[in-house]
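Residue numbers (this note's numbering), protein chains in the order written: chain R, 986 to 1181; chain G, 986 to 1181. Glycine is no exception: its CB is placed at the ideal position from the N, C-alpha and C atoms. Down below is the structure, laid out as structure tokens.
2 protein chains.
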Amino acid sequence: MAKIQTKKNSSKKEIIIEKAARLFREKGFGAASMRDIAETVGVEAASLYNHIQSKSEILQAICFKVANEFISHLEEVERSGDSLLKKMETIIRFHIRMMLEQYEYVYISDHEWRHLAEPYLSNFLNQRRSYRKRLGDLVEEGIAKNEMKNIEPYVAVLTILSAISGIESWQRSRKSTSAETLEANMVKYLIEGLKK
Amino acid sequence: MAKIQTKKNSSKKEIIIEKAARLFREKGFGAASMRDIAETVGVEAASLYNHIQSKSEILQAICFKVANEFISHLEEVERSGDSLLKKMETIIRFHIRMMLEQYEYVYISDHEWRHLAEPYLSNFLNQRRSYRKRLGDLVEEGIAKNEMKNIEPYVAVLTILSAISGIESWQRSRKSTSAETLEANMVKYLIEGLKK
DNA sequence: AAACAAAACTAACGAGTGTTAGGTAGGCTA
DNA sequence: TAGCCTACCTAACACTCGTTAGTTTTGTTT
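Written out as structure tokens, the structure is:
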């Protein structure tokens, strides 16, 4: 019998994913059980299966939602007529804001993707590799056009993306430094370090 | 009955920790079972308990070994008479080399510490916070002495440490870029971005 | 050869895992 | 009102988990 996707169904599914995301981030994918998720949703574990097909499906939904957002933003930036340094800054700011506004989802996509089942795992890694390659091409062009320092593009991209992903550890203690200060200073460091 | 620590005993314990580290890194602490570890050691799971006290103990040993190495290196650098920029460069290079040479251990200390049990968890986080604070003080002094750009010290430290920890994702595909290129270019990016 | 301790083994424990089967209450439509 | 579908429930299955108990093998020392 085919599942009919009603409004109620899809919104409950979204609630489940949202609650699960919180738990996956706090305890890790493996340590967060279906019974844990069910409890925060306010339902028995078995009832979750009226809305989702498996625990894996939740992880897949989260990882690919995030990946798609980054890819489509990149395509938008690539089409723009900005300078290469400006393009990189736009991308860096987008990453930082995603990390601030969609913390749970981005964190999981960064740290729990290894628990994806095949073929989603390979798929995810291919998208990731391709995304980084395209960022590297932007840096390479920026160097060629004398906008940027001669830093090996792969290493520059790795440095930038890793630095941003470390905002995760700021999220746990948001007290002393504001989000604005964080964004402004990290952009300053990463962009001025890249600028010729 | 007190356990007697013979030479054989301690070396077998080290083997167990080494093999476990590999598995913790590959599958995560939660997903790597004692039976997995036992298999790679070439023994039954129950036999592991002749050498270690618990699965947690393995994680503790790894995390604190790494933490202690970083702390004692920092103390050495603090005592040196180098400029502040040079001090930071020394620390950055040390972090990168640790990431290259003790990949498994450093990775686990970076990513699996959340599975530590109390009171080790709090202890670990305190050491981490104190370490970052001391790095921040170096940056703050570097700014005051006009050696460095005025980047919020906490953000600068976060950026540096996160960037380096991202070398993890390079380790998985070591083909195109050599370790030397990686170190040289990352140091260049992080130091020149910091230099006034 | 006898004695001893270290380190391996088998077997099992209690708890927790994702998931399925089968049943029931409540609301919408014919 | 009768039928139907959705979303919940309880109960259970077939594992796997870390760990312990009790026993046997192995290797060294007297």
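query = Can you tell which of A1031/G, K1040/G, H1036/G, E1086/G has the C-alpha that lies nearest to the C-alpha of E1054/G?
reply = E1086/G
ask   = Comparing the C-beta of I1043/R with each C-beta of chain G, is any distance below 8 Å?
value = no
request  = Helix, strand or coil for K1160/G, going by three-state DSSP, please let me know.
outcome  = coil
query = Residues of chain G with CB under 7 Å from L1033/R, in chain order?
reply = Result: empty, since nearest Cβ-Cβ is about 20 Å, beyond 7 Å.
task = Keeping to the same chain, check which residues put their C-beta closer than 8 Å to that of K1004/G; ignore five residues upstream and five downstream.
result = I1022, T1025, V1026
ask   = What is the DSSP secondary structure of K1012/R, reduced to helix, strand or coil?
value = helix
ask   = Would you call the region 1055 to 1065 of chain R and the region 1030 to 1043 of chain R in contact, with 3 or more CB pairs under 8 Å?
value = no
inquiry  = Let me see if you follow: with CB-CB separation under 8 Å, is S1107/G close to chain R or not?
reply    = no
key: Beta-carbon proximity list for V1142/R, same chain, < 8 Å, skipping 5 on both sides   = R1117, L1120, G1121, V1124
query = Whole-angstrom Cβ separation of L1070/R and I1149/R, contact assumed at under 8 Å?
reply = No, L1070/R and I1149/R are not in contact; Cβ-Cβ is about 17 Å, not under 8 Å.
Interface partners of E1165/G on chain R, CB under 7 Å = Residues of chain R passing the Cβ test: none, with the nearest at roughly 11 Å.
request  = Rounded to whole angstroms, what's the CA-CA distance from Q1045/G to S1115/G? Just pull it up for me.
outcome  = 19 Å
query = How many whole angstroms separate the CB atoms of Y1139/G and A1006/G, which I take to be in contact at a CB cut-off of 8 Å?
reply = Not quite, the Cβ-Cβ distance comes to about 30 Å (not below 8 Å), so this is no contact.
query = Under 8 Å between C-beta atoms, does K992/R make it to chain G?
reply = Residue placement at K992/R is flagged as unreliable, the pLDDT there being 40, under the threshold of 50; the coordinate-derived value follows with that caveat. For K992/R, the answer is no, since every Cβ of chain G falls outside 8 Å of its Cβ.
query = Does the beta-carbon of N1131/R have 16 or more other beta-carbons within 10 angstroms, so that it is buried, or is it exposed?
reply = exposed
ask   = Can you name the residues that DSSP bridges to K1180/R?
value = M1133/R
query = With I1076/G and L1059/G assumed to form a contact (beta carbons below 8 Å), what rounded beta-carbon distance in angstroms separates them?
reply = 7 Å
request  = Compare the C-alpha of H1096/G against each of P1104/G, F1109/G, E1103/G and name the closest.
outcome  = F1109/G
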